[in-house]
Amino acid sequence: MNVYEQIVAEIKAASNIIITSHKSPDGDSVGSSLGLLHFIEKLGKTATVCHPDPAPGFLYWLDTSDFLLMTDQAEAVASAFEAADLVFCLDYNGTNRVGYDMQALLEAVTCKTIMIDHHLNPEDFPTITVSETTASSTSELIVELIEQSGNGALLDPKIGTPLYLGILTDTGSFRFPSTRPRTHEILAKLLTAGVAHHLVHEMLSDNNTASRLRLQGYAMCEKLEILEDYMVAVISLSKEELAKYNYQKGDTDSLANQALSIKGMKAAIVFTERDGIMKISFRSKGEENPVNVMAAENFNGGGHANASGGMSELPVAETLAKIKDLVPKYFSLK
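Counting from 1, one number per residue, gives the positions in the sequence shown under UniProt numbering.
Here you go:
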């Protein structure tokens, strides 16, 4: 029995399954959660998705109405954890990634836990671990679960659409180095199952609000700084600037990739002031320009070599100064 067959056996044996993912959800965490949920339902079981906080606005076209959120349904989430006899941990490699409140619940469970993730350095807390750092996304691994457990015939648009979304967003529309030949084989399976891929692209690309576009325009026009000696772009946005443009969760998610698209740019760093801290996104090009080490060593973060996150408790100006001081340490002169 391979690990995927073992996971399906655990699903079939369980009565109270919950699906968790990391704080500050993205396309992959939401997509993998929904894809797994609908697969579990196809197996004749039920599950509850418990996330730390809501999905960003650009994903509202997905049906996440049944998700239990730690932010405003804490009692229901706690009850779900207490009743659980199987917990899935999707798209995160350590319990601290789910936020303090949910972390306490997760670490208190005595039932079996299953991690399915593609990030580096997974913690050794789950009962069963699927950690494939070469995979493009956790959504890709959910397709592998379905296929490698002998349940490929169950794939349909309801399962496949959120999984396609997760792969699409975590690969930067299939342009990141994590897009492997196997990724395209997985995509072909999803299309064969009836996923309308063009509609997913339309919902992501043609779903902007006017305030989101104005905020992005302001960021690129007024806040973009290029450290030309190192070809690193930096954008900083204070809470006042976000409020001025009626910021909604997800409005700045594409800024790092936009800045990175500038000809000759090695890396882009974007940070925004939210919830009293600076949320930082790191993006880069090529094996010679990893950003995960900079994020881990200085900003309590990490992630993939070319796509990482971090945080700073310093004010905006001091965070910006710190980033500028660190760039020469991690990037060579052009």
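Note that beta-carbon positions come from the ideal geometry of N, C-alpha and C, so glycine has one too.
Classified as buried, residue 266 has 16 or more neighbouring CB atoms from the shown chains inside 10 Å of its CB. Cα atoms of residue 207 and residue 31: separation of roughly 17 Å, rounded to the nearest angstrom. For residue 81, the enclosing alpha helix (DSSP H) has its first and last residue at 74-83. Per DSSP, the continuous beta strand (DSSP E) segment holding residue 309 begins and ends at 307-312. Residue 81 and residue 71 have their C-alpha atoms some 15 Å from each other.
Close CB contacts of residue 107 within its chain, under the 8 Å cut and outside five residues either way in sequence, are with 95, 125 (chain order).
Less than 7 Å divides the Cβ of residue 141 from the Cβ of residue 132. Between the segment 189-209 and the segment 154-168, the count of C-beta pairs closer than 8 Å reaches three or more; the two stretches touch. Annotation for residue 112: the continuous beta strand (DSSP E) segment containing it runs 112-117.
Check the Cα spacing between residue 250 and each of 171, 123, 271: the tightest is with 271. Under the three-state reduction of DSSP, residue 209 is assigned to coil, being neither helix nor strand.
Straight-line spacing of the CA atoms in residue 114 and residue 226 works out to 43 Å.
Collapsing the DSSP output to three states places residue 55 in coil. When DSSP states are grouped into helix, strand and coil, residue 278 belongs to the strand group. At the C-beta level, residue 5 and residue 211 stay beyond 7 Å of one another. Taking the CA atoms as reference points, residue 47 sits about 9 Å from residue 86. Here residue 48 is bridged, per DSSP, to 18.
Cα atoms of residue 285 and residue 15: separation of roughly 45 Å, rounded to the nearest angstrom. Each of 162, 292, 234 was checked against the Cα of residue 27, and the nearest Cα belongs to 162.
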